[in-house]
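> Pasting a structure here, questions to come.
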Amino acid sequence: MHLPSVFFAIPTPALRLWAWLLLGALCLSQAPAEAGEVHAFNGNKVKGCQLDGNAYTCGNLPSTAWDDSMAIANGYSVHIKSSVSPGWDYGVSMSGSARLTSGGSINLNGINPAKISISGGSFDAAGEFTLTKPIRVTANVTAGSMTLGGEAGFQITGNMVSKGALSVATSAIVNGSVSGVQVTVGSSVKISGSLNATGAVSIGSSSSIGAGVTGASITADSSVTVTGNLASPGAVSIGSSSIVTGAVSGSEVTTNSSVKIGGSLTSAGRVTIGSSSSVGSDVTGTAITLDASVTITGAVKASDVLTVGSHSSIRGPISGTTSITLNSPSTIVGTVTSKGPITIGSHANIDGAISGTVVTTSSPVTLKGNIVATSRFTLASGSTVNGDITSPEIDMYAASSVVTGKVTAAKYLTMGHAVRINGDVDTGQLKLEASDAIVNGNAAVDFATLYWHGRVSEKIFCKKGTRPGYCDCVDNQSDYPVNTANGPRCESPKPVGGTFSHFLIKHDGNDVATCSTKDVKVSACANDDCSQKLATSTRVIMQPGGASANFIGSGTVQVSSARKGVNKLSLTLDGGATQFRCRNTKNNSSSCDVNFTGDVGFQIKVPNHKAGNWVTAELQALKSNGTECKPAFVNVTKPVQYTCSHGEPKSGTMPVMLARTLGTNPANPVELMCSATKLVLWDTAFDGNAKAQIGLTYTDAGKVALNAKTDEISGAVTFVAAPDHFDIVTPSPLRAGLDFDVKLTARNAGGATTPNFNKAGYPTTANATRTTVSMPCTKGALAPVTTEFTDGKATVAANYSEAGSINLRADLQDFLGTEVDTVSTTGKNEPEPCTTSTVGPFVPMYFQVELNDTARIVQQDGKDLTFYYSREPIPLKITAMNAKGQPTTNYPAVYGSDHAFTLSAVDTEGTPFTDDFGTLAGTLAASDFVAGIATWTSSTKSPQATFQFGNARTTPTPIRLRVANKAATGILPAGHDITSSGEKAHEKAQPEIRSGRLRIATLFGRAGSTLDLPVTAEYWSGKSWLFNNRDDFTILPAVAIAQTSHAHANGNGAKPKTQVLSDLKLEGGKAKLPVQGDTAGWIDIAFNLGAGAGTGQDQSCLKSHPQTSFANLHWLQSLSGCTDPSGRATFGIFAPESRRIIHMREVFN
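See the structure below:
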């Protein structure tokens, strides 16, 4: 507009008056407005339209003026042959079942939203239907194509059906279902029903679908929520932080990070699941890739390659036909099966059987199930396997792995330093590397090489045979001689079942007194030379004498005869005839003859007993009458010479003790040494049955013969003494889940060591000294372990998974087949071994520190984006772990109730921060732990940590949270320390700390309008305050928002009315606070971010404002000046032009 130059000479007040006069003149010149025509489709005639029943047909939209309107009544339909595109002031109203159809398109965008009133009905357009204005409409829509929404406030209630493309714009709301050929949904859209397309589906971020989604392909952006199934015959892509409550299926399925799928995931092709995602049921596909920290509650079935990311957990069986890779660490609760190789990363924990071609592990792993590798199995150091292992080739690398189960390797088995197998081994080539590789069991081999201190605790069965007493299949470089306690002891293969050849009766060939007893050894042979023994129980009856015995493999039986002269040894099997052979070891003949001499002999009975415990030995002098034995020394006293000899072991240093009186503690006992030619000569009184009794005990363990002799008569008997008890000694304190040594000492009743309790001393009796160490009671896992003794001592490695103290029991059963048992415990003796626990205490190995705030943990593209504000509490989960990476559920109920704790923060490399940089305050109490886990709760606010920068203007910094125990009072004893600082993986709580603040803007608007005041979170970048778009969690309660209303000075004195506000939640770091002013004036807004209970005054810069509740968001306050943010909504007041303001902006520092 051109203004004559004269106006610029007029003074400003005069110019303003002239402008008002001109405006008044213009208004007076306008003609009075008239309302346009209403075309009512309610049964009346409408110009240009034909009525047939309740249906109108019009060539064009009826219109006589620019501000006409049309109203379609309930039950009537209007068909417009041409396209429908009303102007701005044209009105449209519909209700009930009203219907508007078009032979072309229907475009309602040109209408003023205030002119549209559609509370029911339907639209049907052959062409496109378009409605994008901020309006609420209730109608079903069918069209050739469809465009909905585009401006804030759009909402349509009804079902949308498109025969072509359908587009729903950002923030639109559809209360109904949506279907089309191709459907595109913008961000933050809400669809209450299903979404179905015959073509592609695209769903924008933060949108929600109230029922299932189907389409030829489906792409969902981040933070999408689908309540129902998501199914496509094509590709499916799901953005980060999205939620699908049902199942997902497609030809190829890809998810980004932090996706939650409530049902199964099925793909005809590849499956890729982003980090920190979860699937509530089975996952099926060809090639399946799981990123880090994925959780699957169900089976995972890959017909091709399966890759599982670190920190992932699968609670079900997994299979990958081509191969399986488990990155470290991962947890599988189920079987692992592949027709190809399986690679298992370090710290993996698998509770199920494993089957593949080549199975390889990193260090360490815990495998709880049988393992079958058809080509090769490799076990890395420090690992634990509880199950059988079968593979042609097996390598167990040094060091300290433990396998509990049978190991079968057709070609070879190599065991590295300190590797232990608790079970039998069957292999071709066995190699025990230096040093201390141990097989606690039998080993069947083609050939074995034993390097420094390599040991097989039981027999080595040479599959190709060996000479008796030799180890022809062993290259022994162990430094333990063959047939010694720790050295190899070899046999030809042990028979598997009941193949019986014959019995072999061995005797020494010496004469024996008539009516006395003689020991012979009987073996059940499984082959001709009796190098293999029958491995089943056998019962024989021996002649002469008729004594019976039960044994497995071999046993000792006594023979006796009342007939003087040569007697033939024989036996029957359970009373029936059987084949037997004899061997006279004196002349190495096959003779079964035993010569019984004289007419009299001693029959001696000595009970088998525990070393050092007194028993009664009985002698009976018997005389043969040719057919039976009768008492010989009746009521007489005879000088009897007593001697003894060692049976097994062949020598010893401890005496047999004899006493003239009986009882548990007889007076004046004398020693009888079996290893020297010493004797005891006592006058012995025989009663009317020719019986005499003396007190006897053997102070060592083993088999001993007692001999009695007079000038007229002799006799002998063998008996067995087992250890009286075991001393059980362990270190203290110990670590839960870590192997510890249990030192056992076999002792007699007087407390002396029994050195003949020595495995090497019983070459004919397998496992003679085998003793089992177990835990009789107490919650936790301690697998029983067995050991054998050398010189009365043994050391065995045990492992207890829990915290606290326990008891151990050492159990020797049926020593040398005598049914004499030795059982000892570390607590009170049986039958109550658990009243006093003395082994331990077992201390948790370490603490694991994690964040306990799933809503805040954010990972994207493998990066951890989790952050907390400086001064903001960080909820924690702290777990007391054993050395196997399992929670110690007894902590602190059984151990640790008197612990206190220190929380600290270090940088990502473990270096502590200086106090100037920042400090950490935290809470953690022993009472926070339940079954070894301390989990933050809203009621206890513990455990939690708060990190505060020394300077608010500090660059965002990642921290590692650390915890350690200490004594609540006094000093923590050595070895009782628990910390998370051992490995970086123990400290999973590594959030970024940001210095933050909250801002609210100031806006101007017309009186009666609603102003959306922007509220934003900011953080200090190191150079300036920046918008914090990662804050999706801050909630400002409405009760913490102060509103103060002010009237305009030139108005009528009325103040704008304040409104009831709702809680304000930030999304993407921002929110809008709607403030409405019904009259001119302004409303001051202040946020009370302070900490505390109840109400108080905010600390904003406003002069007068009411008290409000504390928001407890003090970490978003400024640290100086007016600490709480404030803003203003101004209505109907504009700055006077005389201020001549050219430019204005707000600057926040």
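Numbering (mature numbering (1 follows the signal peptide of the UniProt record, and there is no 0)) for the sequence shown: -35 to -1, 1 to 1114. Note that the Cβ used here is the ideal one computed from N, Cα and C, for glycine as well.
Of the choices 195, 303, 476 and 770, whose alpha-carbon is the least far from that of residue 175?
On the sequence shown, residue 175 is found 210 positions in, with the first residue counted as 1. Closest by alpha carbon: 195.
> Along the chain, where does the beta strand (DSSP E) containing residue 468 start, and where does it finish?
Position 503 of the sequence shown, counted from the first residue, corresponds to residue 468. Per DSSP, residue 468 belongs to the beta strand (DSSP E) from 467 to 472.
> Are the beta-carbon atoms of residue 559 and residue 520 separated by less than 8 Å?
Counted from its first residue, the sequence shown places residue 559 at position 594. Counted from its first residue, the sequence shown places residue 520 at position 555. Result no, Cβ atoms of residue 559 and residue 520 do not sit closer than 8 Å.
> Please go through the segment 246 to 312 and give each complete beta strand (DSSP E) segment of 3 or more residues, from N-terminal end onward.
248 to 250, 253 to 255, 265 to 267, 270 to 273, 277 to 279, 283 to 285, 288 to 291, 295 to 297 and 307 to 309
> Answer yes or no: do residue 522 and residue 505 have a C-beta to C-beta separation smaller than 8 Å?
Residue numbering aside, residue 522 sits at position 557 when the sequence shown is read from its first letter. Residue numbering aside, residue 505 sits at position 540 when the sequence shown is read from its first letter. In this structure, residue 505 lies closer than 8 Å to residue 522 by Cβ.
> Please report the distance separating the alpha-carbon of residue 927 from that of residue 874.
For the purposes of this step, residue 927 is taken as the residue at position 962 of the sequence shown. For the purposes of this step, residue 874 is taken as the residue at position 909 of the sequence shown. Cα to Cα, the separation comes out at about 12 Å.
> My guess is that residue 294 and residue 275 are in contact by the Cβ rule of under 8 Å, so how many angstroms apart are they, rounded?
Taking the first residue of the sequence shown as 1, we reach residue 294 at position 329. Taking the first residue of the sequence shown as 1, we reach residue 275 at position 310. 6 Å between Cβ atoms; contact.
> Do residue 281 and residue 263 come within 8 Å of each other at the CB atom, strictly closer than that value?
In the sequence shown, the residue the question calls residue 263 occupies position 298. In the sequence shown, the residue the question calls residue 281 occupies position 316. It is a contact, given that the beta carbons lie within the stated cut-off.
> Considering only the alpha carbon of each residue, which of 677, 696 and 666 lies closest to residue 690?
Taking the first residue of the sequence shown as position 1, residue 690 is located at position 725. The candidate whose alpha carbon is nearest that of residue 690 is 666.
> Are the CB atoms of residue 168 and residue 150 nearer to each other than 8 Å?
Translated into the one-based positions of the sequence shown, residue 168 becomes position 203. Translated into the one-based positions of the sequence shown, residue 150 becomes position 185. Result yes, Cβ atoms of residue 168 and residue 150 sit closer than 8 Å.
> Does DSSP put residue 910 in a helix, a strand or coil?
Indexing the sequence shown from 1 puts residue 910 at position 945. Looking at residue 910 - three-state DSSP - the assignment turns out to be strand.
> Which residue wins for smallest C-alpha separation from residue 821, given the options 373, 831, 1067 and 844?
In the sequence shown, residue 821 corresponds to position 856, counting from 1. Cα-wise, what sits closest to residue 821 is 831.
> Alpha carbon to alpha carbon, how far is residue 806 from residue 895? Give it in angstroms, no decimals.
The sequence position of residue 895 within the sequence shown is 930, counting from 1. The sequence position of residue 806 within the sequence shown is 841, counting from 1. Each residue's alpha carbon lies about 19 Å from the other.
> For a test of the three-state rule: what should DSSP assign to residue 229, helix, strand or coil?
Translated into positions along the sequence shown, residue 229 becomes position 264. Coil.
> On the three-pair Cβ rule with 8 Å, is the segment 968 to 981 touching the segment 1037 to 1053?
Enough Cβ pairs lie closer than 8 Å, so yes.
> My understanding is that residue 428 touches residue 413, with C-beta atoms under 8 Å, so please give their C-beta distance in whole angstroms.
Numbered from 1 along the sequence shown, position 463 holds the residue referred to as residue 428. Numbered from 1 along the sequence shown, position 448 holds the residue referred to as residue 413. About 11 Å separates the two Cβ atoms, so there is no contact after all.
> To the nearest angstrom, how far is it from the Cα of residue 852 to the Cα of residue 813?
Position 887 of the sequence shown, counting from 1, holds the residue named residue 852. Position 848 of the sequence shown, counting from 1, holds the residue named residue 813. Each residue's Cα considered, the two are about 9 Å apart.
> Give me whichever residues DSSP pairs with residue 1135 in a beta bridge.
Examination of residue 1135 is not possible in this model, given that the chain is present from -35 through 1114 alone.
> To the nearest angstrom, how far is the alpha carbon of residue 13 from that of residue 22?
Along the sequence shown, one-based indexing puts residue 13 at 48. Along the sequence shown, one-based indexing puts residue 22 at 57. Taking the straight line from one Cα to the other gives about 9 Å.
> Starting from residue 57, follow the beta strand (DSSP E) in both directions and report where the run begins and ends.
Locating residue 57 in the sequence shown gives position 92, where the first residue counts as 1. It spans 56 to 59 - the beta strand (DSSP E) in which residue 57 sits, taken as one unbroken run.
> Could you tell me whether the segment 637 to 645 touches the segment 575 to 592, using the rule of 3 or more Cβ pairs below 8 Å?
Contact between the segment 637 to 645 and the segment 575 to 592 is absent, because fewer than three Cβ pairs lie under 8 Å.
> For residue 461, does the count of other Cβ atoms within 10 angstroms reach 16, so buried, or fall short, so exposed?
Counting from one through the sequence shown, the residue named residue 461 turns up at place 496. Caution is warranted here: a pLDDT of 45 is assigned to residue 461, below 50, making its placement in the model unreliable, and the coordinate value is therefore given only provisionally. That one is exposed.
> Per DSSP, which one or two residues make a beta bridge with residue 838?
Numbered from its first residue, the sequence shown carries residue 838 at position 873. For residue 838, which the question treats as bridged, DSSP gives the partners 911.
> Use the C-beta contact count for residue 547: other C-beta atoms within 10 angstroms, 16 or more gives buried, fewer gives exposed.
In the sequence shown, the residue the question calls residue 547 occupies position 582. Buried.
> Of the residues 722, 134, 89 and 124, which one's Cα is nearest the Cα of residue 98?
Within the sequence shown, residue 98 is the residue found at index 133, counting from 1. Comparing Cα-Cα distances from residue 98 to each of 722, 134, 89 and 124, the minimum goes to 134.
> For a test of the three-state rule: what should DSSP assign to residue 781, helix, strand or coil?
Here residue 781 is taken as the residue at index 816 of the sequence shown, counted from 1. Helix, per DSSP.
> Classify residue 26 as helix, strand or coil using the three-state DSSP reduction.
Along the sequence shown, read from residue 1 onward, the residue named residue 26 stands at position 61. Looking at residue 26 - three-state DSSP - the assignment turns out to be coil, as it is neither helix nor strand.
> Just how far apart, CA to CA, sit residue 1011 and residue 1068?
The residue given as residue 1011 occupies position 1046 in the sequence shown. The residue given as residue 1068 occupies position 1103 in the sequence shown. Computed Cα separation, rounded: 12 Å.
> Can you grab the Cα-Cα spacing for the pair residue 424 / residue 243, in whole Å?
Position 459 of the sequence shown, counting from 1, holds the residue named residue 424. Position 278 of the sequence shown, counting from 1, holds the residue named residue 243. The alpha-carbon atoms of residue 424 and residue 243 are separated by roughly 51 Å.
> Would you say residue 926 touches the ligand ZN, meaning its beta carbon is less than 7 Å from a heavy atom?
Judged by which ligands are present, the structure shown has none, so any question about the ligand ZN falls away.
> Just list the residues that DSSP pairs residue 105 with in beta bridges.
As a position in the sequence shown, residue 105 is number 140, starting the count at 1. DSSP, once it has assigned bridges, lists 87 as partnering residue 105.
> Consult DSSP for residue 484 and reduce its assignment to one of helix, strand or coil.
In the sequence shown, counting from the first residue as 1, residue 484 sits at position 519. Of the three classes helix, strand and coil, the one that applies to residue 484 here is strand, per DSSP.
> Going straight from the alpha carbon of residue 473 to that of residue 422, what length do you get?
Taking the first residue of the sequence shown as position 1, residue 473 is located at position 508. Taking the first residue of the sequence shown as position 1, residue 422 is located at position 457. Cα to Cα, residue 473 sits roughly 30 Å from residue 422.
> Touch check for the segment 746 to 754 and the segment 722 to 737: three-plus C-beta pairs under 8 Å?
Result yes; three or more Cβ-Cβ pairs closer than 8 Å.
> Taking the C-alpha atoms as reference points, what is the distance between residue 206 and residue 802?
Taking the first residue of the sequence shown as 1, we reach residue 206 at position 241. Taking the first residue of the sequence shown as 1, we reach residue 802 at position 837. So the alpha carbons of these two residues sit roughly 50 Å apart.
> Less than 8 Å between the beta carbons of residue 1073 and residue 1004, yes or no?
For this step, residue 1073 is matched to residue 1108 along the sequence shown. For this step, residue 1004 is matched to residue 1039 along the sequence shown. For residue 1073 and residue 1004, yes; Cβs fall inside 8 Å.
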